[in-house]
Amino acid sequence: MSYRIQQSTKLLSFSEFDHLDLFQAQALHYRYARHSHPTYSIGLIEAGLGGNYYRGATHLAPPQSMILMNPEEVHTGYSAEGLPLTYQMLYPSVQLMEQIAGELQGDRFPDFRIPVAQNQSLAEKFASLLHSLECSKDKFTQQCLLIDVLSLIITQHAGIKSRSIQSNQEHQAIGLIKEYLHDQYNTNISLEQLAELTHLNRSYLIRVFSKAVGMPPYTYLTQVRVEKAKELLRQGMSAAETAIAVGMADQSHLNRHFKRIVGVTPGQYRHIYSQQ
């Protein structure tokens with residue numbers, strides 16, 4: 003006799019650990035759109051076969067694989083070969099990772115070189131951390147496990163690099179565009195505005211931005227709006243009000259993009275935080 007495992011997703015958040023999020027998915031058949039996160043993304047494949055497109059290549063992750071991705075780097079995610087995917091993803095902030103890396107190796111930030119790692123010992127320790135975060139109420143134990151496991155991940159799988167300095171015109175233009183989209187996310191933005199801001203023609207602007215960031219400006223704007231929506235939903239704002247506040251056309255527009263990036267609907271996300 004066979005049994006069908008119920009598909010489910012769950013999101014846990016820990017404000018005491020610099021707003022650390024833990025996303026859990028069971029028996030998921032899903033394909034995430036190209037996106038990035040402002041945080042690091044560290045995960046564990048528990049069953050099925052995970053796939054992602056990252057840094058210009060497709061990567062497959064069998065069970066007990068560790069997923070390691072840097073902030074602001076574009077990727078996809080999907081269940082490969084038709085297999086239901088069970089996995090957990092942890093999203094530590096850049097600040098938290100920099101603090102740990104600084105304690106280990108000085109004032110620098112960790113850079114994961116490969117998105118899929120096979121490390122059985124580390125996977126087991128990471129699984130223990132995830133279990134503690136989900137099931138334990140002992141914050142001290144959780145904190146000790148978190149710092150210890152993230153330290154091991156940084157030491158074993160991250161190179162250390164200094165922040166790059168934008169110096170040429172193209173890099174300066176990219177910085178200006180990002181800043182403008184973050185500041186004006188809830189307004190009607192035109193390509194002409196960005197061209198005037200950067201003194202680049204429209205087609206060249208799109209090519210330069212897409213090459214550097216991994217997505218065109220309009221996709222980046224959608225992601226900014228989703229991140230802003232998460233902030234408002236955590237504060238208790240309704241999904242309908244949030245859609246208007248972040249510049250989305252309507253709630254269905256927000257729902258579609260939010261779930262493609264976050265994995266849950268705005269209503270589910272708001273409910274998670276209302277219970278805390």
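Be aware that the sequence shown starts at 3, since it is given in the numbering used here, and climbs by one per residue. The C-beta atom is built at its ideal place from N, Cα and C for all residues, glycine as well.
- prompt: Taking buried to mean at least 16 other C-beta atoms within 10 Å of its own C-beta, is K261 buried or exposed?
  reply: Looking up residue 261 in the sequence shown gives position 259. Buried, since its Cβ has 16 or more Cβ neighbours within 10 Å.
- prompt: Candidates L152, S134, L256, F114: which alpha carbon is nearest L223's?
  reply: Indexing the sequence shown from 1 puts residue 223 at position 221. When only C-alpha atoms are compared, the closest one is L256.
query: Y220: buried (16+ other C-beta within 10 angstroms of its C-beta) or exposed?
result: Stepping through the sequence shown from its first residue, residue 220 is reached at position 218. Classification of Y220: exposed, given that the 10 Å Cβ count is below 16.
task: Check the C-beta distance from Y145 over to L124 and give it rounded, since I have them as a contact under 8 Å.
output: By 1-based counting over the sequence shown, the position of residue 145 is 143. By 1-based counting over the sequence shown, the position of residue 124 is 122. One detail in the question is off: residue 145 reads as Gln in this sequence, not Tyr. The Cβ separation is near 19 Å, so there is no contact.
Of the residues I47, K213, E198, the one placed nearest T88, counting alpha carbons only: The count along the sequence shown starts at 1 and reaches residue 88 at position 86. Selected option, being the one with the closest Cα: I47.
- prompt: R236: which of K12, Q9, L183, H21 sits nearest, CA to CA?
  reply: Position 234 of the sequence shown, counted from the start, is the residue given in the question as residue 236. Nearest C-alpha to R236: H21.
query: Going by DSSP, what residues sit across from M91 in a beta bridge?
result: As a working note, residue 91 is residue 89 in the sequence shown. Note: M91 sits in a beta bridge opposite F25, G45.
- prompt: Since N203 sits in a beta bridge, which residues does DSSP pair it with?
  reply: As a first step, residue 203 must be located in the sequence shown, where it is residue number 201. The partner list for N203 (beta bridge, DSSP) is empty, contrary to what the question assumes.
field: Straight-line gap, G269 to A242 (C-alpha atoms, nearest Å)
entry: Taking the first residue of the sequence shown as 1, we reach residue 269 at position 267. Taking the first residue of the sequence shown as 1, we reach residue 242 at position 240. Answer to the nearest angstrom: the Cα atoms are 9 Å apart.
message: In the DSSP assignment, the alpha helix (DSSP H) including T19 goes from what residue to what residue?
response: Looking up residue 19 in the sequence shown gives position 17. According to the sequence displayed, residue 19 carries Phe and not Thr. Element bounds for F19: n/a, residue is neither H nor E.
message: Spatial neighbours of Q120 within its chain, please: C-beta separation below 7 Å, excluding the five flanking residues on both sides.
response: Locating residue 120 in the sequence shown gives position 118, where the first residue counts as 1. If we look at Q120 and ignore the five residues flanking it on each side, its Cβ neighbours are S67.
task: Could you have a look at D185 and say whether DSSP puts it in helix, strand or coil?
output: One-based indexing of the sequence shown puts residue 185 at position 183. Three-state result, D185: helix.
task: From the DSSP output, in three-state form, read off E32 for me.
output: Residue 32 sits at position 30 when you count from the first residue of the sequence shown. Sequence check: residue 32 is Tyr here, not Glu. It is coil, neither helix nor strand.
Proximity below 8 Å, CB of L178 to CB of L199: The count along the sequence shown starts at 1 and reaches residue 178 at position 176. The count along the sequence shown starts at 1 and reaches residue 199 at position 197. Yes, the Cβ-Cβ distance between L178 and L199 is below 8 Å.
message: Residues in the same chain with beta-carbon distance under 6 Å from R165, minus the five sequence neighbours each way, listed in chain order, please.
response: Along the sequence shown, one-based indexing puts residue 165 at 163. Note on R165: pLDDT 49, under 50, position unreliable in the model; the coordinate value appears next. There are no such residues.
7 Å CB neighbourhood of T267 in its chain, flanking five on each side removed: Working through the sequence shown from its first residue, we reach residue 267 at position 265. These residues qualify, in order along the chain: N257, F260, K261.
query: Measuring CA to CA, which of S192, E233, Q101, R36 is closest to D150?
result: As a working mapping, residue 150 is identified with position 148 in the sequence shown. For the residues S192, E233, Q101, R36, the minimum Cα distance to D150 belongs to Q101.
- request: Excluding the 5 residues preceding and the 5 following R272 in the sequence, name in chain order all residues of the same chain whose CB lies nearer than 6 Å to its CB.
  value: Here residue 272 corresponds to residue number 270 of the sequence shown, with the count starting at 1. For R272, where only same-chain residues beyond five positions count, the Cβ hits under 6 Å are L235.
task: Pull up the distance between the alpha-carbon of A129 and that of T189, whole angstroms please.
output: As a working note, residue 129 is residue 127 in the sequence shown. As a working note, residue 189 is residue 187 in the sequence shown. Distance between the alpha carbons of A129 and T189 is about 43 Å.
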